[in-house]
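Scroll down for the structure; my scribbles are underneath it.
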Amino acid sequence: MASQGTSSPKIHVLAFPVPGQGHITPIMHLCKKIAARDGFTVSFVNVDSLHDEMIKHWRAPPNTDLRLVSIPLSWKIPHGLDAHTLTHLGEFFKTTTEMIPALEYLVSKLSLEISPVRCIISDYFFFWTQDVADKFGIPRIVLWPGSTAWTTIEYHIPELIAGGHVFPSLTEAKKLVADESIVGIIKGLGPLHQADVPLYLQADDHLWAEYSVQRVPYIRKASCVLVNSFYDLEPEASDFMAAELRKGGTEFLSVGPMFLLDEQTSEIGPTNVEKASVLYISFGSIAVVTVEQFEELAVGLEAIGKPFLWVLRPELLIGNPVEKYKEFCERTSKQGFTVSWAPQLRVLKHPSIAAHLSHCGWNSVLESISNGVPLMCWPWGAEQNTNAKLVIHDWKIGAGFARGANGLIGRGDIEKTLREVMDGERGKQMKDTVEVLKCKARKAVESGGRSAASLDDFLKGLSSQ
Numbered sequence: 376m377a378s379q380g381t382s383s384p385k386i387h388v389l390a391f392p393v394p395g396q397g398h399i400t401p402i403m404h405l406c407k408k409i410a411a412r413d414g415f416t417v418s419f420v421n422v423d424s425l426h427d428e429m430i431k432h433w434r435a436p437p438n439t440d441l442r443l444v445s446i447p448l449s450w451k452i453p454h455g456l457d458a459h460t461l462t463h464l465g466e467f468f469k470t471t472t473e474m475i476p477a478l479e480y481l482v483s484k485l486s487l488e489i490s491p492v493r494c495i496i497s498d499y500f501f502f503w504t505q506d507v508a509d510k511f512g513i514p515r516i517v518l519w520p521g522s523t524a525w526t527t528i529e530y531h532i533p534e535l536i537a538g539g540h541v542f543p544s545l546t547e548a549k550k551l552v553a554d555e556s557i558v559g560i561i562k563g564l565g566p567l568h569q570a571d572v573p574l575y576l577q578a579d580d581h582l583w584a585e586y587s588v589q590r591v592p593y594i595r596k597a598s599c600v601l602v603n604s605f606y607d608l609e610p611e612a613s614d615f616m617a618a619e620l621r622k623g624g625t626e627f628l629s630v631g632p633m634f635l636l637d638e639q640t641s642e643i644g645p646t647n648v649e650k651a652s653v654l655y656i657s658f659g660s661i662a663v664v665t666v667e668q669f670e671e672l673a674v675g676l677e678a679i680g681k682p683f684l685w686v687l688r689p690e691l692l693i694g695n696p697v698e699k700y701k702e703f704c705e706r707t708s709k710q711g712f713t714v715s716w717a718p719q720l721r722v723l724k725h726p727s728i729a730a731h732l733s734h735c736g737w738n739s740v741l742e743s744i745s746n747g748v749p750l751m752c753w754p755w756g757a758e759q760n761t762n763a764k765l766v767i768h769d770w771k772i773g774a775g776f777a778r779g780a781n782g783l784i785g786r787g788d789i790e791k792t793l794r795e796v797m798d799g800e801r802g803k804q805m806k807d808t809v810e811v812l813k814c815k816a817r818k819a820v821e822s823g824g825r826s827a828a829s830l831d832d833f834l835k836g837l838s839s840q
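The sequence shown begins at 376 in the working numbering and counts up by one.
As structure tokens, this is what we get:
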């Protein structure tokens, strides 16, 4: 409840992420940090179907003023964004705008029950929350869950449409250009190839294209943009976006890696395993893999003979793979383990982990960097292909795989890449490079670090409003 007597009520922050793990995770880390600060209280809003699942396992972090709150949405996603939703982005995000009246009601209700909501921190993709914030005369803070490079790409969507690089339905030719370099269009970012443009921007989905064009100018209406990255990782993109948004009075702050804001220090697993010897494999919470691709990866993995820990979600494999899966587990019972879930942060922190074969979701990339673990990039959707490009070509801390004409990554290429990273000179160079970035990432969130100072200045600004 609001403070009594003459003391001032707490600064009430309402946080509203897109209901997907890659979006919820960073904003939850941020909210825990805010809610642990004296004088702040946080209401964390989730769509009702996801909220009903989260609340079953929810425990408020100690010494924080943080609560989960529900908002109704007709599109039911009890486990967050899934593969079906990602193939119907336009329809899904158009449906989310039905939450506008419900969000207005929620702001009023929480303001009466707890204390006046002083700001809304919402995901970039929920641009319409700006209109709700404006109605109540409070600032909207954009939470950007991905890389700074990604912000620059989104910022240049109008120019990319004009060049025929995104949304075929909006281009003059009704199709995207061939795979050529995109030079000079995206400021603050080096040259890209068409294949490096986020996959979700190349979708032939007219509803999604319209929603995307609509959201771009809203970033300039926000009071501040908080990015889940750190300055030393992406200085050019950060400088460009900060200078560009400053023209309209919007701050742009790198405050990541956000998971380090409330990192747990406990270790996991045995300590008698050889250092840097285990391959960790995880494709995130949404990606799917065909039986044919599973078999290619399985054979390549067996060929190198290295110990592994593979997170195989029940819904990861499509196409009735039960027998193939059983056979693989039997053949590799002395080589590695398959599990349906793993505490990734604790796994990556373990000294036995040599490399991370990943779908290249941004959280996984940051977590690997911050723990000094090289990556093997297997992007599936969203902006994961862009992240893979940054990891492999810009930062040189990972390796990729080549897809054949049939769309499959072959067992030979898998074996070759695994050996290069696990045993080869290239892998050693990646390890040295990622260790440097690890130190910079952790320094950024330490007291006096650039991310920590930016977040502190942001919260002081909220306190003074």
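The beta carbon of each residue, even a glycine, is placed where N, CA and C say it ideally should be. Because the structure is a prediction, the values reported are computed rather than measured.
Flag L732 as yes if its beta-carbon sits less than 9 Å from any beta-carbon of chain C, otherwise no. Absence of chain C from the displayed structure is noted, only one protein chain being present.
Enclosing alpha helix (DSSP H) for S839 [first to last residue]: The residue you call residue 839 lines up with position 464 of the sequence shown. First-last of the alpha helix (DSSP H) with S839: R825 to S839.
Nearest CA to the CA of G736: which residue from G538, L783, E758 and K681? Within the sequence shown, residue 736 is the residue found at index 361, counting from 1. With distances taken between Cα atoms, G736 lies closest to E758.
Going by other Cβ atoms of all chains shown within 10 Å of its Cβ, with 16 needed for buried, is I528 buried or exposed? The count along the sequence shown starts at 1 and reaches residue 528 at position 153. Classification for I528: buried.
Using 10 angstroms around the beta-carbon of N781, count the other beta-carbons present and answer buried if the total reaches 16, otherwise exposed. Counted from its first residue, the sequence shown places residue 781 at position 406. N781 comes out exposed.
Any chance the stretch 718-738 sits against the stretch 746-760, with 3 or more Cβ pairs inside 8 Å? The stretch 746-760 and the stretch 718-738 touch, with three or more beta-carbon pairs separated by less than 8 Å.
With 16 other Cβ atoms within 10 Å as the buried cut-off, status of Q840: Here the question's residue 840 lines up with position 465 in the sequence shown. Classification of Q840: exposed, given that the 10 Å Cβ count is below 16.
Beta-carbon gap between A390 and L518 smaller than 9 Å: To locate residue 390, count along the sequence shown from 1; it is residue 15. To locate residue 518, count along the sequence shown from 1; it is residue 143. Against a cut-off of 9 Å, the Cβ pair of L518 and A390 comes out as a contact.
Exposed or buried, which one is Y586 when buried takes at least 16 other CB atoms within 10 Å? To locate residue 586, count along the sequence shown from 1; it is residue 211. With 16 or more other Cβ atoms within 10 Å, it is buried.
Can you give me the Cβ contacts of Q577 inside the same chain, cut-off strictly under 7 Å, excluding the 5 residues immediately before and after it? Sequence index remark: in the sequence shown, residue 577 carries index 202 (1-based). The residues V541 and L551, in chain order, have a CB closer than 7 Å to that of Q577 in the same chain once the five nearest residues on each side in sequence are set aside.
Rounded straight-line distance, which links the Cα of L783 to that of R825: Here the question's residue 825 lines up with position 450 in the sequence shown. Here the question's residue 783 lines up with position 408 in the sequence shown. Distance between the alpha carbons of R825 and L783 is about 42 Å.
For S418, report the span of its beta strand (DSSP E) as first-last. Translated into the one-based positions of the sequence shown, residue 418 becomes position 43. In the DSSP assignment, S418 falls within the beta strand (DSSP E) that extends over F415 to V422.
Could you tell me which of L793, V420, F669 and R493 sits nearest to K699, measuring between CA atoms? The sequence position of residue 699 within the sequence shown is 324, counting from 1. Ranking the options by Cα distance to K699, first place goes to F669.
Looking at the structure shown, is L389 part of a helix, part of a strand, or coil, going by DSSP? Working through the sequence shown from its first residue, we reach residue 389 at position 14. Looking at L389 - three-state DSSP - the assignment turns out to be strand.
Start and end of the beta strand (DSSP E) containing W737? Position 362 of the sequence shown, counting from 1, holds the residue named residue 737. For W737, no beta strand (DSSP E) run applies; the uninterrupted alpha helix (DSSP H) run containing it begins and ends at W737 to S745, by DSSP.
Could you give the DSSP three-state label for V653: helix, strand or coil? Locating residue 653 in the sequence shown gives position 278, counting from the first residue. Three-state result, V653: strand.
Can you name the start and end residues of the alpha helix (DSSP H) that L723 belongs to? Against the sequence shown, residue 723 aligns to sequence position 348. Where L723 is concerned, the enclosing alpha helix (DSSP H) stretches over Q719 to K724.
In chain order, which continuous runs of the beta strand (DSSP E) of length 3 or greater are located wholly inside the stretch 421-459? You should have 441-446.
Spatially closest choice to V663 from R817, V422, G756 and E534, by CA coordinates: Looking up residue 663 in the sequence shown gives position 288. The residue with the shortest Cα to Cα distance from V663 is G756.
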